[in-house]
Amino acid sequence: GAVVSQHPSWVICKSGTSVKIECRSLDFQATTMFWYRQFPKQSLMLMATSNEGSKATYEQGVEKDKFLINHASLTLSTLTVTSAHPEDSSFYICSASGTSDNEQFFGPGTRLTVL
Amino acid sequence: LAKTTQPISMDSYEGQEVNITCSHNNIATNDYITWYQQFPSQGPRFIIQGYKTKVTNEVASLFIPADRKSSTLSLPRVSLSDTAVYYCLVGQFSGYSTLTFGKGTMLLVSP
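So the sequence lines, in the order shown, correspond to chains L and P.
All residue numbers for the first sequence refer to our numbering, where the first residue is -16 and numbers rise by one.
All residue numbers for the second sequence refer to our numbering, where the first residue is 55 and numbers rise by one.
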């Protein structure tokens, strides 16, 4: 299957700083990328859907000004957690799909710890 | 989006066959059924996908009855490394379609 990468795989930051997480589709063009958040022992929760070249669509309860999503190309989407706080500590996972695939391809996830 | 219901957890022993059933009573005509596996601190990994009847690949089989209101993931001869959370998802997995993850089934395989 297609490969999706994330960078970094883990990050520790101080409260109040911003953190950028990259999601790349390595061998296919991803018209749509999705960002999920997963807290310990819980399921994945969809945060937002981003289409290349347009604004992201955020799920209810997700602050768009706090979680900035950019999908500037067909192979790269970024999630920036602005002014991070300890409650933002979580496992962030992206997925990507192309128009011709009947599958979403998931990245390996990024562990964010805010001190 | 079709809601899914799975057992919260299952226990098995190495070498046994494990069957995990998922209910999706309001599945739509165009929806596919896909199962993902997730290990701790990793992204979900695609296992198998089907629309109807039976699908088999190198790691699992998926059984879907005619009414498509449920599906069963069958893992033959599980090993310790199959200990993971298994998610059943229903929907259209291409393009802009969003996925809703349920709670999944925590499978624990013991020696």
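Glycine included, each C-beta is placed from N, C-alpha and C at the ideal position.
Treat the numbers as computed from the prediction; the structure is a model and nothing was measured.
Out of the options, which one is the CA nearest neighbour of residue i?
i, options, result
"S168(P)", "L129(P), L143(P) and L161(P)", "Since the first residue of chain P shown is 55 and the last is 165, residue 168(P) is not available in this structure."
"A82(P)", "L153(P), V144(P), G158(P) and S135(P)", "V144(P)"
"K108(P)", "I102(P), T154(P) and F117(P)", "F117(P)"
"C77(L)", "W18(L), P(-9)(L) and V2(L)", "W18(L)"
"S80(L)", "I62(P), S63(P), F100(P) and Q92(P)", "F100(P)"
"A13(L)", "D71(L), V97(L) and A55(L)", "A55(L)"
"D85(P)", "C142(P), S66(P) and M160(P)", "C142(P)"
"V97(L)", "A67(L), F89(L), Q87(L) and F88(L)", "A67(L)"
"K57(P)", "S66(P), H78(P), D65(P) and V113(P)", "H78(P)"
"K86(L)", "T152(P), G156(P) and L161(P)", "For clarity, residue 86(L) is Glu in the given sequence; the question names Lys instead. Considering only alpha carbons, the answer is T152(P)."
"D71(L)", "G(-1)(L), V(-13)(L) and P(-9)(L)", "G(-1)(L)"
"P112(P)", "A138(P), Q60(P) and Q103(P)", "Checking the displayed sequence, the identity of residue 112(P) turns out to be Glu instead of Pro. Nearest option by C-alpha distance: Q103(P)."
"K106(P)", "S95(P), P94(P), F93(P) and A120(P)", "A120(P)"
"Q146(P)", "T154(P), L161(P) and T110(P)", "T154(P)"
Could you check what DSSP says for residue i in three-state terms: helix, strand or coil?
i, result
"L57(L)", "coil"
"D121(P)", "coil"
"E100(L)", "Since the first residue shown for chain L is -16 and the last is 98, residue 100(L) is missing from the structure and cannot be characterised."
"D65(P)", "strand"
"S135(P)", "helix"
Taking C-beta to C-beta, are residue i and residue j nearer than 8 Å?
i, j, result
"I(-5)(L)", "Y75(L)", "no"
"G92(L)", "Q(-11)(L)", "yes"
"L59(L)", "F50(L)", "no"
"S1(L)", "A(-15)(L)", "no"
"V72(P)", "S63(P)", "no"
"G158(P)", "G90(L)", "no"
"T75(P)", "S124(P)", "yes"
"Q91(P)", "Y140(P)", "yes"
Against residue i, what residues of chain P qualify as contacts under a CB-to-CB distance less than 7 Å, listed in chain order?
i, result
"S26(L)", "F155, G156, K157 and G158"
How would you list, in chain order, the residues of chain L whose beta-carbon sits under 8 Å from the beta-carbon of residue i?
i, result
"A95(P)", "Sequence check: residue 95(P) is Ser here, not Ala. Within 8 Å Cβ-Cβ: F74, G92 and R94."
"Q60(P)", "The contacting residues do not exist; Q60(P) stays about 11 Å from chain L at best."
Mind listing the chain P neighbours of residue i? Cutoff is C-beta to C-beta under 9 Å, in chain order.
i, result
"F17(L)", "T152 and L153"
"L29(L)", "T152, L153, T154 and F155"
Who are the neighbours of residue i on chain L, taking C-beta pairs under 9 Å?
i, result
"A100(P)", "For clarity, residue 100(P) is Phe in the given sequence; the question names Ala instead. Chain L residues near F100(P): G(-16), E86, Q87, F88 and F89."
Between which two residues does the beta strand (DSSP E) harbouring residue i extend?
i, result
"F17(L)", "T15 to Q21"
"F93(P)", "Note, F93(P): premise wrong, no beta strand (DSSP E); not H, not E."
"K24(L)", "From DSSP, K24(L) is part of no beta strand (DSSP E); its letter is neither H nor E."
"L153(P)", "Careful: L153(P) lies outside any beta strand (DSSP E) and carries neither H nor E."
"F74(L)", "S73 to S80"
"T159(P)", "T159 to S164"
"T96(L)", "T93 to V97"
"K49(L)", "First-last for K49(L): undefined, no H or E at that position."
"H(-10)(L)", "V(-13) to H(-10)"
"F100(P)", "R99 to G104"
"S77(P)", "V72 to S77"
"I81(P)", "Segment: none, I81(P) is in no beta strand (DSSP E) and carries neither H nor E."
"K108(P)", "T107 to T110"
"V(-6)(L)", "W(-7) to C(-4)"
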